[in-house]
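Residues are numbered in our numbering as their position in the sequence shown, beginning at 1, plus a constant of 7.
Everything below concerns the one structure shown next.
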Amino acid sequence: MDDFTFDTDIAAKAAEKGLCDHCLGRLFGKSGKGMTNDARGRIIRDSLALGAPEGCSLCDDVFDLLDRFAESVAESVNSVESDNFLVGCRVDPAITEAEKALWKELGIEGESIKTELNREIGKIALPMINRPVEFKNPQVVACIDTRFADVELDMAPLFIYGRYNKLSREIPQTIWPCRACKGKGCARCNETGKMYQTSVQEIIGDIALRMADGKEHFFHGMGREDIDASCWGTGGPSSLRSASRRKGT
Ligand SMILES: [Zn+2]
Ligand SMILES: [Zn+2]
Numbered sequence: 008m009d010d011f012t013f014d015t016d017i018a019a020k021a022a023e024k025g026l027c028d029h030c031l032g033r034l035f036g037k038s039g040k041g042m043t044n045d046a047r048g049r050i051i052r053d054s055l056a057l058g059a060p061e062g063c064s065l066c067d068d069v070f071d072l073l074d075r076f077a078e079s080v081a082e083s084v085n086s087v088e089s090d091n092f093l094v095g096c097r098v099d100p101a102i103t104e105a106e107k108a109l110w111k112e113l114g115i116e117g118e119s120i121k122t123e124l125n126r127e128i129g130k131i132a133l134p135m136i137n138r139p140v141e142f143k144n145p146q147v148v149a150c151i152d153t154r155f156a157d158v159e160l161d162m163a164p165l166f167i168y169g170r171y172n173k174l175s176r177e178i179p180q181t182i183w184p185c186r187a188c189k190g191k192g193c194a195r196c197n198e199t200g201k202m203y204q205t206s207v208q209e210i211i212g213d214i215a216l217r218m219a220d221g222k223e224h225f226f227h228g229m230g231r232e233d234i235d236a237s238c239w240g241t242g243g244p245s246s247l248r249s250a251s252r253r254k255g256t
């Protein structure tokens, strides 16, 4: 805590703008470890013998709503299954622009309001979610729009590995769009948009989609992908390749 330092002149100029403790402290957020921005702000205000303003001229007192944001995030993340999560946020562009203008005016670069919001919302949400925060490859990102407290979930794709036997030579591996209409639907394809009624991708993928409540599926075959290849034996990727047979062989 005692390694927190700030330029008194710049701090006094900033405080004149009528900033809340969070926004004042965040301007010097790169100094001092293990402390929150509002704690930095209070230290600055105390040392300048200044009181807190009525409302914050920069953030519109968005930090008063941290608990509500965290509850919305927790509710959304808890509605899906994942091993981890991360909080992101969308802030009124007028606020982020005003913040950049303030940095420019004061000749400093503080921590961004987004970074502080993400961290503070995440801290409150964490015990309600009971899953670890993952910064690098999160399975779910809960992005909260701080103007409306709406949460949008960005889900990482679910990978399913499996083996299958294909005993029919009339079913392709993947969806095969109609050559004539390119999938739009025409007389030639009976308005299905497809060359074949179904595929291994659809037979397996449609079930997986229902189970995962997903939007679309992709299929990566690991052997020959021709329609006339049938897969026998264990269906494993290596045996799939060697067991695939061409018609007439
Ligand atoms: Zn503020
Ligand atoms: Zn067609």
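Using N, Cα and C, we set each Cβ at its ideal position, and we do this for glycine too.
Note that this is a predicted model, so its numbers are computed, not measured.
Three-state secondary structure assigned by DSSP to residue i
i: D161; result: strand
i: V98; result: coil
i: A19; result: helix
i: F13; result: coil
i: L31; result: helix
i: S245; result: Bear in mind that a pLDDT of 31 at S245, under 50, signals an unreliable position, so the model cannot answer this.
i: K189; result: coil
i: I211; result: helix
i: K111; result: helix
i: D67; result: coil
i: D74; result: helix
i: E104; result: helix
i: S79; result: helix
i: L174; result: coil
i: R195; result: coil
Cross-strand partners of residue i (DSSP beta bridge)
i: P184; result: K201
i: L26; result: According to DSSP, L26 bridges with nothing at all.
i: F92; result: V140
Residue nearest to residue i in terms of C-alpha spacing, selected from the options
i: C96; options: M135, I102, T43 and T153; result: T153
i: A59; options: D71, C27 and E88; result: C27
i: R138; options: N85, K201 and L31; result: N85
i: F225; options: T43, P164 and A187; result: P164
i: V87; options: K37, L65, I17 and E159; result: E159
i: K143; options: A132, N91 and E112; result: N91
i: G169; options: D157, W110, M229 and E127; result: M229
i: F35; options: L109, V94, D99 and C196; result: L109
i: I120; options: T43, D157 and C196; result: T43
i: A2; options: H29, L73, D45 and A22; result: Residue 2 falls outside the range modelled here, since the chain spans only 8 to 256, and no answer is possible.
i: C185; options: P179, E177 and R195; result: R195
i: T205; options: T181, K173, V94 and K191; result: T181
i: I51; options: D67, R33, L73 and R126; result: R33
Beta strand (DSSP E) segments (min. 3 residues) lying fully within the segment 125-172
Every beta strand (DSSP E) of 3 residues or more that sits fully in the segment 125-172 is shown, in chain order, as 147-152 and 157-162.
Residue ranges of each alpha helix (DSSP H) run of no fewer than 4 residues wholly in the segment 37-64, ordered along the chain?
Segments of the alpha helix (DSSP H) lying fully in the segment 37-64: 44-55.
In chain order, what residues place their C-beta within less than 6 angstroms of a heavy atom belonging to ligand 2?
Sorted by chain position, residues whose beta-carbon lies closer than 6 angstroms to a non-hydrogen atom of ligand 2 are C185, A187, C188, G192, C193, R195, C196 and G200.
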